[in-house]
Structures are given as C-alpha cells and as structure tokens.
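Have a look at the structure below, then the notes.
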Ligand code: C5P
C-alpha cells in the first residue's frame, strides 16, 4: 500500500518546437511538437476520502471544470472503482498561460490515483484516458522530453534534451477560449511540414543540445494580434538581452533560453522588480527514473 497522503509534483512544459501541419475535419489541427517539462511545478496531495473533493489555493480553480477533478471522475468511471479522494492542489504554475498547468495536474491525478486506488493501469491505459481530457494531457503522463503528433495526443518519449536555463515571462493578458482562438488565427500560410521538428529530434537523439536557433512556435506569428499588449512585454524582454524569444505553447507566456544561470537570474529579477511582472527562472525537469509517478 502506498504511504498516504501521496504528494506529487506536476511540472509545467514548454514546446521547443510547435508546428501545425494542417486543419482536420474534426475541428482540430494536426501538429508535430517537441515538448519539455520544466521545474516550475504545481503540487498535488492525494488522500483517501469518501467522495472526490478538490481543494485549491486558487479559489477560482475550485470548479467542476477543473481538469484534476475531471481526471479523478474519469478514472473512477472507466474502472468502476468506488473509492474517493481529497485532492489538494497548490498552484505554482501561472493559470491559462500556455504552460500546460491544468493538463499536468490532470496527468498527475491519473498517475497518483492509479497508485492510491491500487488500480494497476498500464501507462498506455493512462494515456488513453488522458487523451479524453485534452490534447496535452498524454504528454504529461510521460513528462521529460517527448515528441507529440496527431492533435498532440500521440506521444513518443525522446532522450532528455540537453537544455539548461530559460527565463519565462508570464503577462497578465486574458483571452477567452484562448487555445481555440489561437488555432483559429492560423491560415494555410502558417502550415509547415514538420521538418523543423525532425531536425531538432535528430539533434536530441544524437545526444546533442537544443540550440536556441532550432526553437520554433507557429503561434509566434499571430501572438501580437491575439494578445493585446504582448508586444510591450516582448520588446522589454528583448531590450534586457533575451534574444531567442518564443511563445510558450499557445501563450501568452513567452520564454527565452539563457546561456548561464547567472544571466537568467539577472534577467528574471529585472523583469520582476523593475517592471513588476511575473517572471521565472526554470530548467528542464526529467521524471524520476522507473517511477510510476
Ligand atoms: O484539446 P484541447 O481541449 O486542449 O483543445 C482546445 C481547442 O484547441 C480545441 O477545441 C481546438 O479548437 C484547438 N486545438 C486544435 N488543434 C489541436 C489542439 C487544439 O485546433 N491540435
């Protein structure tokens, strides 16, 4: 039996590449992307309870739509398990920021409850359930460095990318139904073949690093139109020395790799204290080896 309560880290992610190949008939887009979990994390504590209950330190997230809550209900419905759980969710990842926080919470809940409830589901079974919760959730069942295809739900783990430090800047810009709105701004001129992603994949498989000039995000091109006010954040970030700036997923968070940790700390402090913005220094996060969590 696992020790209870069970505490899990749910890491954020950035897309090192994000290419859209084209529009599909089901309203989604076919993508090819290399994703990387980073050490900016939410924390979940799961303990046995009579029902499924969520407590979150951000009151607005304590709703039936919360993906962690939906993950728990989905797992119970799919397995016929009659157990309950109290999920305590401490947010460390900015919300609706393009960093995958909600999706990561959902994947952590699936993995954690699989252990807590003694269900014994395989990773493939968890991935199948994860894909019902959102396109990014299957990636978080694996974590680390991985390639995603299809609408994002077909995930192939890669060797860890040799990626050190990055600075993230999370602007306070809200756009309703953001992910759908961003995809909706794409035209066929934005569609690419996947070659940029395959180039980075080969580099990572070859034991190489992920050089900044290999990064790509299709949404960069529509970001200023989609997020009013983003341009000022971007330009300030650039003027402070960040060079290869990309949107994190569907934004509005932007990130830039930095050569050294000290450079990253300086940049983060400037953004935070001189401008009063939400900024983070992060590095790649790899899941514990062989662990179910
Ligand atoms: O899968 P998820 O719920 O995250 O997707 C939210 C919305 O983003 C979808 O309803 C769809 O409009 C858009 N989307 C897309 N192509 C993808 C993933 C998401 O068009 N590959």
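Residue numbers (the numbering used here): 2 to 294.
In this text, a Cβ means the ideal position worked out from N, Cα and C, and glycines have one as well.
Being a predicted model, the structure only gives us computed values, none of them experimental.
Residue range of the beta strand (DSSP E) that includes residue i
{"i": "residue 166", "result": "166-171"}
{"i": "residue 284", "result": "279-284"}
{"i": "residue 10", "result": "7-24"}
{"i": "residue 157", "result": "155-158"}
{"i": "residue 55", "result": "53-57"}
Spatially closest choice to residue i from the options, by CA coordinates
{"i": "residue 38", "options": "17, 279 and 154", "result": "17"}
{"i": "residue 279", "options": "254, 23 and 122", "result": "254"}
{"i": "residue 49", "options": "84, 135, 55 and 178", "result": "84"}
{"i": "residue 144", "options": "77, 156 and 152", "result": "156"}
{"i": "residue 281", "options": "14, 232, 112 and 125", "result": "14"}
{"i": "residue 35", "options": "276, 167 and 153", "result": "153"}
{"i": "residue 303", "options": "20, 111, 149 and 26", "result": "As displayed, the chain neither begins before 2 nor continues past 294, which places residue 303 out of reach and without an answer."}
{"i": "residue 6", "options": "86, 288 and 234", "result": "86"}
{"i": "residue 258", "options": "170, 192, 288 and 174", "result": "170"}
{"i": "residue 161", "options": "284, 25 and 31", "result": "284"}
{"i": "residue 20", "options": "52, 113, 28 and 149", "result": "149"}
{"i": "residue 72", "options": "124, 22, 132 and 121", "result": "132"}
{"i": "residue 235", "options": "168, 289 and 76", "result": "168"}
{"i": "residue 202", "options": "136, 189, 217 and 231", "result": "217"}
{"i": "residue 103", "options": "137, 82, 127 and 117", "result": "137"}
{"i": "residue 118", "options": "100, 40 and 81", "result": "81"}
{"i": "residue 198", "options": "25, 8, 28 and 32", "result": "32"}
{"i": "residue 92", "options": "78, 69 and 249", "result": "69"}
{"i": "residue 79", "options": "41, 126 and 43", "result": "126"}
{"i": "residue 8", "options": "51, 88 and 215", "result": "88"}
{"i": "residue 238", "options": "53, 223, 265 and 251", "result": "265"}
{"i": "residue 52", "options": "42, 58 and 74", "result": "74"}
Beta-bridge pairing of residue i - partner residues as DSSP gives them
{"i": "residue 83", "result": "Residue 83 is not bridged to any residue."}
{"i": "residue 146", "result": "37"}
{"i": "residue 248", "result": "255"}
{"i": "residue 89", "result": "46 and 56"}
{"i": "residue 32", "result": "21"}
Distance between beta carbons of residue j and residue i, contact taken as under 8 Å
{"i": "residue 62", "j": "residue 96", "result": "7 Å"}
{"i": "residue 220", "j": "residue 183", "result": "5 Å"}
{"i": "residue 109", "j": "residue 11", "result": "4 Å"}
{"i": "residue 227", "j": "residue 186", "result": "6 Å"}
{"i": "residue 164", "j": "residue 98", "result": "Contact flag wrong, Cβ pair sits at about 19 Å."}
{"i": "residue 192", "j": "residue 22", "result": "6 Å"}
{"i": "residue 55", "j": "residue 114", "result": "13 Å between Cβ atoms; not a contact."}
Start and end residues, alpha helix (DSSP H) containing residue i
{"i": "residue 116", "result": "102-117"}
{"i": "residue 125", "result": "124-134"}
{"i": "residue 226", "result": "224-227"}
{"i": "residue 265", "result": "262-270"}
{"i": "residue 240", "result": "231-240"}
- Item | Complete alpha helix (DSSP H) runs within the segment 162-222 (minimum length 4 residues, chain order) | 179-185 and 196-206
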